[in-house]
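Structure record follows, encoded as structure tokens.
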Amino acid sequence: RYSDWHTRFVFEDRERKLWVGSWRGGIKYHDPETGYTKHFEDNDDEYSSVPDNYAWMMFQSKDGMLWSSTAGPGAQVFKIIREKSIFKHANLGSGDAVQTICGSNAGDLWMGTVKGGLLQVDGEHFEGCRFFDDPQKSVPFKMDLRVDDAHATVFGKVGKIVEDRSGDLWMGKWLVPSGLMRFSPATGEIKTYWHKPENSGSISSNTISDILEDKKGKMWVATANGALNRYDPHADAFKQYNLIGASDKKEPEIKEEYFFCKLYLARDGAIWMAGSGGNKDVTPLTLVRFDPEDESIQKYDLRRAPYQFEWVNGLEEDREGNIWVNTDFNLWKLNPTTKVTTSYSAEFLGTTFLHGMIFDDFGRLWLAGDGLVMFNPADGTSFSYRSASGIKTLPFHRQSVYKDERGWIYFGGNGGVLYFDPKEIGLRHSGAAPEVLITEFSLFDNFASPDGDREPMYRNIWDIPEIRLAHDQDIFTFRFAALDFLYPEGNRHKFILEGYDREWRYAGLEPVASYAKVPPGTYTFRVRAANQNGIWGPEKTIRVIISPPWWATWWAYLLYGSLALAIMYAFYRVQLDRRLEQAEAERLRDLDTVKSRLYTNITHEFRTPLTVILGMAQQVENELGKMSSEGAGTADRQFMTSGLSLIRRNGHNLLSLVNQMLDLAKLESGKMQVNMQQGDVVNYLRYLVESFHSYAESKGVRVHFLSDEDAFTMDYDPEKLQQVVVNLLSNAVKFTPANGHVYVDVRFEKGADRRGINAAEENIVIRVRDTGIGISEEQLPHIFDRFYQGDDSQTRQNEGSGIGLALTMELVRLMDGDISVKSQPGHGAEFAVALSVHRNAPEQKTAMPLNVIEAGEALPEKSAEKENILSSIPEGPVSAPLILVVEDNPDVVAYLASCLPQYRLLVGKDGGEGIEIARESVPDLIITDVMMPHKAGYEMCRTLRSNERTSHIPIIMLTAKADMESKLEGLEKGADAYLAKPFLKEELLVRIRKLLEMRSHLQQHYLSSAGLSEEMETVRDLPQVPALEDQFVKKVRQVVEAHLDRGDFDVERLCREMAMSHSQLHRKLSALTGLSATRFIRYVRLNKAKELLRDPVLSITSIAYDTGFNDPGYFSRVFKQEFGATPQEWRELQEPELV
């Protein structure tokens, strides 16, 4: 029955419930089964009210929601919610607001209000008492506590309340510098703690930010200057911890621009402190962890972006130990272990601001904004609860949030408190996922329509799949709307322009997406919408194609590419031509290098035999002249025979070098032919190997011939095979030390050789293997290069021109074969020659021609004769100067011996041996070659010059290196003379004589130097003499003078002092002073005595003893022998000078 109503509709929903709408009477609900009836009218104080009483129509959507419309002023469409609201309200009346909430030990709630002061409320029924600023406004409650006029403003704007274990309340006012208040509800006593600069035990600031009580009952207070204070109840004072900048300096400056708004006690007992800077010159958002046990501080800067001030409204810890910070517009999560931060904007969470937060018992985070937001950190989902969900207390106040022991959550705000039990909510939400519609497209802030001038659309924006724009239409805007009208202000939108945006962006209060300066390309605009409960609907997409200008089209790029390719090709051609020119220049340089190397090697090889040939030819000519005038004797005939042998042997050496060069030239020009004949190749190879036995035995090397066949007939070129085998055998014997072995192994193999050298059906493989020094890895790739030689050390033991192996390889290839080498330093080398087996040439018995033996003479076959030359060098006169000849060519040594019959000779085969002989024998002069094995002449010269035993010895260098650079290098290393091969015998003899005469002059200097005292020598004008020799004489003299008074100081003791053998010291002193070691000691003693005789006070006998003479008579005799007068006579001759 509905009196005074004008019924507009009667609607039965799917659950067979009746809804009746009337004009001016609202909506009536009736359940026929239970008889329950409810009336919905326009009433602002009721959650279940309707917007107005003029009901118009009703329908039920697919998701079961009931929708109704009104026709009164401000007509609306709204959704009817039949569930019972889980959100409850406690109203304080209009005009007041709850700023802070705190639980008490008794289960009550303490609330700080803006106007009412301090309110104590029953935890379940919200009954209690109030403390007003104005006593006249006091309202009687169950407990009536008032304040007098003197305390009229004590509890106004209380921003923080904490009840300690004793029941006292600790309070601070919101942004009011009113100190820290301590109130006892039991006694009504109030005490305020003020900051006093002169008192270090006072609180750090009068503006209180936050208060907490730790697990031990200690009170901690944060103040606006960024300091943390701990209250000491025994001293009734505070200890300050200045957390701002504490990680940089011990006593940081406290700045009032900081407002640390929140404290939190973590499960591990640490205190977390978060706050914002109120000045752009300080860090906007800072988080500090403080450990009360060790007072350590760890600082985290959550945001390093440009300055934006935000209040810190919440600080919490989740179950995983992450720290959450709630600022005005952002939610931050910090992992203290990894220091990784994550942020969520207020827009993402479905609100415009965030004024507080707290975790419920299920790990969900509740945040106060322009509604209530539940955020699930586990999956990142959020749900919004607004007026449609029963929330009437709006807006919420900062930090006005509390959770009691039951798990109930309280949010304070304008008009009262919103409280609820999270267990009743779960993850419930209502409403279907809303669709979204793109409603408008604008170019340059101008609405674009299908019929406009130069418009990109041919239909309305919501009907087309794509938009095409010109390249200059790069500033555009999309407008869109969510199709959810229950609470449109709670709808959220996110969008992305794929290809341009990196991530989804959230729209603000106005659902719009604007873009500027978008480059040409193809993009997809995607937009989604969510209702107030965070339910995201399907996305709407539209493709945006921005055409490029003509100069950026594909055909323009094709043109650019073609031009670029043309330029690149031109550049490539230029570079190629340049590289070819450089390669040609490099080839010419390499050719010059090869020619220079060839010139150096060949001239060296030519100069050595030419020296012997020309020298011996001149001597033979001279001797022939003598023989014609005087008649030839036996000695003359022996000299003639020896000289002619040297000339013949070195002539063969020259002929061999010339033949090798001619063969190499023929091979290059292709004029050398292969003369194959069929015969027994095994017998021929055996003969060639046996021809080397005498030479190898003279070197202490054994040569072995091995073959798996006693005889084998095939086609081969005897002359060229001989050259190949002789070259390989010669090298093997040369580079194998005494007691070594050389093996020539002949094998016949079916099919391809195991190295893959030759793939004929049958091959003969000749392997020449030795146990010598081997070839280094660096030299192996170049071993067959023309004119290539190893270094000047071991591989120069038997130096050559670098032609032999190159010629060998060319000859093997000419015979349709291959050659390879493998080696390991210290373990010998193995050369393998593979030749194809054929039997096509006419059969002919190969005679062993004499040219093999003659060729053997050109090779080191007669080397035994050379070795005999060294042992047959005649000895010169006993008193003749001793000359050391260091030369690795025995023929040159023999020639030098024939040039120097008037001298005694010592011979060294290389630089190393020359150094040892020079140190041991200390010769009067050294003649050395430059290019020698083991140690070159330059290195030997440098070594001898740096040793005091041998530094005085004159050195003459004989070498084929006749260029000025080599000559200067030799003189720089310490050579006294440098003669190029071939040299004149007369020039060599003059050089030797002059150097020995120069040493004679130096002997006079050293002899006089040995007789002077140190004091006299400092004022003596010395000639230019070698410093090392001069120092040596001084050193010997000083050693003798140090033992001058000891008569038993003899040569043996002097040798020990000088660390030299008797012969070395004797040779050295004889070369420098002309005195033996014994005479040198006596000479120093006598000169010292002559000096002492100038003092008339000293007796001759005492002077004799002081200078080491045990017999004064002997002293007088030797003094007279040395100076021509007795000591007494010499003193008398000096008396006029002394007077």
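Mind the numbering: the sequence shown is residues 8 to 1146 in my numbering, read in order.
For every residue, glycine included, the Cβ atom is placed at its ideal position computed from N, Cα and C.
Secondary structure of residue 112, DSSP reduced to three states | For the purposes of this step, residue 112 is taken as the residue at position 105 of the sequence shown. Coil, per DSSP.
If you check the beta carbons only, do residue 944 and residue 908 fall under 8 Å apart?
-> Here residue 944 is taken as the residue at index 937 of the sequence shown, counted from 1. Here residue 908 is taken as the residue at index 901 of the sequence shown, counted from 1. No.
Using the C-alpha atoms, what's the distance from residue 1053 back to residue 1?
-> Lying before the first or after the last residue shown, residue 1 is absent from the chain, which here runs from 8 to 1146.
Determine the direct distance from the alpha carbon of residue 372 to that of residue 127, and round the result to whole angstroms.
-> Against the sequence shown, residue 127 aligns to sequence position 120. Against the sequence shown, residue 372 aligns to sequence position 365. Approximately 27 Å, taken between the alpha carbons.
Spatial neighbours of residue 1059 within its chain, please: CB distance less than 6 Å, with the 5 preceding and 5 following residues excluded, ordered by chain position.
-> Along the sequence shown, read from residue 1 onward, the residue named residue 1059 stands at position 1052. Nothing meets the Cβ criterion.
Would you mind sorting residue 545 into buried or exposed? The rule is 16 or more other CB atoms within 10 Å of its CB.
-> For the purposes of this step, residue 545 is taken as the residue at position 538 of the sequence shown. Looking at its Cβ environment, which holds fewer than 16 other Cβ atoms inside 10 Å, residue 545 is exposed.
Just how far apart, CA to CA, sit residue 700 and residue 841?
-> Taking the first residue of the sequence shown as 1, we reach residue 700 at position 693. Taking the first residue of the sequence shown as 1, we reach residue 841 at position 834. Each residue's Cα considered, the two are about 24 Å apart.
What runs of the beta strand (DSSP E), each 3 residues or longer, lie entirely inside the segment 472–536?
-> With a minimum length of 3 residues, the continuous beta strand (DSSP E) runs that stay inside the segment 472–536 are 473–476, 483–489, 499–505, 519–522.
Residues near residue 1092 in its chain [Cβ-Cβ closer than 6 Å; skip 5 each side] = Residue mapping note: residue 1092 aligns to position 1085 of the sequence shown, counting from 1. 1114, 1115.
Is any heavy atom of the ligand FMN found at a distance shorter than 7 Å from the C-beta of residue 529?
-> Ligands in the displayed structure: none, and consequently the ligand FMN is not present.
State the DSSP-derived secondary structure class of residue 200, mapped to helix, strand or coil.
-> Within the sequence shown, the letter at position 193 stands for residue 200. If DSSP states are grouped into helix, strand and coil, residue 200 belongs with the strands.
Quick one: what's residue 684 bridged to in DSSP?
-> Walking along the sequence shown from the start, residue 684 turns up at place 677. For residue 684, which the question treats as bridged, DSSP gives the partners 723.
Name, in chain order, the residues that DSSP records as bridge partners for residue 361.
-> Here residue 361 is taken as the residue at index 354 of the sequence shown, counted from 1. In the DSSP output, where bridge partners are listed per residue, residue 361 has none listed.
Paired residues, beta bridge with residue 899 - DSSP = The residue given as residue 899 occupies position 892 in the sequence shown. According to DSSP, which records beta bridges pairwise, residue 899 is partnered with nothing at all.
How do the segment 774–792 and the segment 822–840 stand: do at least 3 beta-carbon pairs fall below 8 Å, yes or no?
-> yes
When DSSP labels each residue in this structure, what does residue 178 get in the three-state scheme?
-> Residue numbering aside, residue 178 sits at position 171 when the sequence shown is read from its first letter. Note: residue 178 maps to strand in three-state DSSP.
Would you tell me roughly how many angstroms separate the C-alpha atoms of residue 224 and residue 173, rounded to the nearest one?
-> Along the sequence shown, read from residue 1 onward, the residue named residue 224 stands at position 217. Along the sequence shown, read from residue 1 onward, the residue named residue 173 stands at position 166. Those two C-alpha atoms are separated by around 10 Å.
From the DSSP output, read off the bridge partner residues of residue 271.
-> Looking up residue 271 in the sequence shown gives position 264. Note: residue 271 sits in a beta bridge opposite 279.
Residue 16 versus residue 538: straight-line alpha-carbon distance, rounded = What you label residue 16 is simply residue 9 of the sequence shown in a count that begins at 1. What you label residue 538 is simply residue 531 of the sequence shown in a count that begins at 1. Taking the straight line joining both Cα atoms gives about 29 Å.
Which stretch, first to last residue, makes up the beta strand (DSSP E) that contains residue 748?
-> Position 741 of the sequence shown, counting from 1, holds the residue named residue 748. Here the beta strand (DSSP E) through residue 748 covers 748–757.
Nearest-angstrom Cα separation, counted from residue 414 out to residue 368 | Stepping through the sequence shown from its first residue, residue 368 is reached at position 361. Stepping through the sequence shown from its first residue, residue 414 is reached at position 407. Cα to Cα, the separation comes out at about 6 Å.
Residue 815: buried (16+ other C-beta within 10 angstroms of its C-beta) or exposed?
-> Translated into positions along the sequence shown, residue 815 becomes position 808. By the neighbour-count rule (16 or more Cβ atoms within 10 Å), residue 815 is buried.
Close Cβ partners of residue 863 (< 6 Å) along its chain, the five nearest in sequence each way excluded | Here residue 863 refers to the residue found at position 856 when the sequence shown is read from its first residue. At residue 863, the pLDDT of 40 sits below 50, so the modelled position is not reliable; the number obtained from the coordinates is stated separately. Closer than 6 Å at the Cβ level, and outside the excluded window around residue 863, lie 698.
Since residue 1075 and residue 929 are thought to touch, with beta carbons under 8 Å apart, how far apart are those beta carbons, to the nearest angstrom?
-> Residue mapping note: residue 1075 aligns to position 1068 of the sequence shown, counting from 1. Residue mapping note: residue 929 aligns to position 922 of the sequence shown, counting from 1. The pair is a contact, with the Cβ atoms about 6 Å apart (cut-off 8 Å).
Is residue 727 buried or exposed, if buried means 16 or more other CB atoms sit within 10 Å of its CB?
-> In the sequence shown, residue 727 corresponds to position 720, counting from 1. Flag for residue 727 reads buried.
Closest by CA to residue 747, which one among 1000, 704, 1132?
-> Here the question's residue 747 lines up with position 740 in the sequence shown. Nearest option by C-alpha distance: 704.
With 16 as the cutoff for other CB atoms within 10 Å, does residue 552 come out buried or exposed?
-> Locating residue 552 in the sequence shown gives position 545, where the first residue counts as 1. Burial call: exposed.
Quick one: is residue 788 buried, meaning 16 or more other Cβ sit within 10 Å of its Cβ, or exposed?
-> Taking the sequence shown and counting its residues from 1, the one referred to as residue 788 is at position 781. Answer is exposed; the Cβ neighbour count stays below 16.
Residue 1147 to residue 363, Cα distance in whole Å?
-> The structure shown has nothing for residue 1147, since the chain only spans 8 to 1146.
Taking buried to mean at least 16 other C-beta atoms within 10 Å of its own C-beta, is residue 170 buried or exposed?
-> For this step, residue 170 is matched to residue 163 along the sequence shown. Per the 10 Å Cβ criterion, buried.
Opening and closing residue of the alpha helix (DSSP H) in which residue 1113 lies = As a working mapping, residue 1113 is identified with position 1106 in the sequence shown. Element bounds for residue 1113: 1107–1113.
Alpha carbon to alpha carbon, how far is residue 420 from residue 492?
-> In the sequence shown, the residue the question calls residue 420 occupies position 413. In the sequence shown, the residue the question calls residue 492 occupies position 485. Cα-Cα distance, rounded: 26 Å.
Under 8 Å Cβ to Cβ from residue 524, same chain only, skipping five residues before and after it: list those, please.
-> As a working mapping, residue 524 is identified with position 517 in the sequence shown. Taken in chain order, the residues that qualify are 481, 482.
From residue 901 to residue 689, what does the alpha carbon distance come to, in whole angstroms?
-> Within the sequence shown, numbered from 1, the residue matching residue 901 stands at position 894. Within the sequence shown, numbered from 1, the residue matching residue 689 stands at position 682. Going from the Cα of residue 901 to the Cα of residue 689 covers about 40 Å.
So, helix, strand or coil for residue 767, using DSSP?
-> Numbered from 1 along the sequence shown, position 760 holds the residue referred to as residue 767. Residue placement at residue 767 is poorly supported in this model, since its pLDDT is 48, which falls under 50; the coordinates are not used for a value here.
Residue 422: buried (16+ other C-beta within 10 angstroms of its C-beta) or exposed?
-> For the purposes of this step, residue 422 is taken as the residue at position 415 of the sequence shown. It is buried - the Cβ of residue 422 has at least 16 other Cβ atoms within 10 Å.
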